[in-house]
Amino acid sequence: MRYVKWTFFGTLALLLFAFLHYTLPQTDIVRIVGTENRRMDLGENAWFWASSDVGTAASNSRDIFFINAVYPNGKTMEYRNEDTGWGWPPYFKMDSSSTNTEAKELQSTAAAPKWVAVTHYGWRNQLFTIFPNAISLRQVEGPDVRIIPWVNIVILSFLAFVLFMAWRIWAQFKERMIEPAVIEAQETLDDLDRRADRAKAGIGGWFNRLFGRK
Amino acid sequence: MRIGGRGATLGAETGVCGMIAFFKLALFGYIGLTVIYWLLSIYSRSLERERLEKEYDQGDITGPRDAHVARGMAEYEHSLRRRLIWLVFVIPTAVVIALVWILNFS
């Protein structure tokens, strides 16, 4: 039973972590080597792609902007650059075309690198062909710039606050509504019990008087 | 032509793009916020009632306990704290407008 419990909570924690890790913004410092616009026919991996651009028709076959980048250590990275629109996750991104232009502007060569902080959400996975979605780009001084994730700090603190408030509300509800109701129910039950006892005693007495020892 | 036609129906059905998605977000967003508003007002009212009961139980107040609580609750219904719960609707709306502005137009 203990294993079942811990497996359950472990899976839940893992899912929550994965969800937050996918949805919350992260920042990479990369060098942009190019942008492209590719036709994608999304299938089983459609889940990991955003919707069509705001105002255009929804379809699983569409042109999508991509940003190709290289990490300071030489590893490669590809970002998709899609509108999230009014949907999930709530980045309200509607300017993928502008982001595409910015990416072109920030393009650089290995000889004269421009380092760019790419804020994105999502994962890169070669197995399912999924890409993180770039939200915003900004040029930074070098590959070692320290970036403090303020947005994540604010969001996670807010989530902790919501959990705390939920717990407080539940505690208050339990103290003021459930416990008094339980006590009242118990008193009613005790009362019934006592009355039943008395009735039984009454009947017993009557029987005793009638047939019992004299 | 085929894609355009199909896409338009798809958009209407799934509501993932354009104004439909916006109205969907607004509708479900405000439904969610209404639930939160409702929970918070019950919670806040419960806290106030508890405070009034404890205040009476200190023993310095004359008159019946129920009357004291009822008077206090009537006062609470017009208090600032009661009205601040409306921020549940105001703050998320402001945050969404600010985010749309900052992330796309500035």
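Here the protein sequences line up with chains A and B, keeping their order.
Take any residue in the first sequence, note its place counting from 1, add 5, and you have its number in the working numbering.
Take any residue in the second sequence, note its place counting from 1, add 2, and you have its number in the working numbering.
Beta carbons: idealized from backbone N, C-alpha and C, even for Gly.
From a predicted model like this one, the values you see are computed outputs, not experimental measurements.
query, result
"is_contact[serine 43 of chain B, chain D] using C-beta, thresh 8 Å", "The structure shown contains no chain D; its protein chains are A and B."
"Cβ contact (3+ pairs, closer than 8 Å) linking the segment 201-211 of chain A and the segment 68-84 of chain B", "no"
"DSSP state of glycine 65 of chain B mapped onto helix, strand, coil", "coil"
"Segment contact flag, the segment 29-43 of chain A with the segment 145-157 of chain A, C-beta cutoff 8 Å, min 3 pairs", "yes"
"Valine 156 of chain A versus A:Ala176, A:Trp52 and A:Leu25, residue with shortest Cα-Cα distance", "A:Leu25"
"Glycine 79 of chain A, buried or exposed, once every other Cβ within 10 Å from all chains shown has been counted against 16", "exposed"
"Proximal residues to glycine 7 of chain B (C-beta, below 6 Å), its chain only, five neighbours per side dropped", "Only weak support is given to the placement of glycine 7 of chain B: the predicted model assigns it a pLDDT of 37, under 50, and the value that follows is read from those uncertain coordinates. Around glycine 7 of chain B: no qualifying Cβ."
"Three-state class that DSSP yields for glycine 15 of chain A in the structure shown", "helix"
"For valine 123 of chain A, the first and last residue of its enclosing beta strand (DSSP E)", "120-126"
"contact_flag[the segment 87-94 of chain A, the segment 50-57 of chain A] where n(CB pairs < 8 Å) is 3 or more", "yes"
"Serine 43 of chain B - DSSP class collapsed to helix/strand/coil", "helix"
"Interface partners of phenylalanine 30 of chain B on chain A, CB under 9 Å", "Near phenylalanine 30 of chain B there are no residues of chain A at all, since even the closest Cβ is about 11 Å away, more than 9 Å."
"For methionine 147 of chain A, the three-state DSSP class (helix, strand or coil)", "Sequence inspection shows glycine at residue 147 of chain A; the methionine mentioned does not correspond to that position. The answer is coil: DSSP assigns glycine 147 of chain A none of H, G, I, E or B."
"Length of the line joining the Cα atoms of alanine 51 of chain A and arginine 129 of chain A", "14 Å"
"Meets three-Cβ-pair contact criterion under 8 Å: the segment 38-51 of chain B and the segment 108-123 of chain A", "no"
"Closer than 8 Å to chain A by CB, leucine 105 of chain B", "yes"
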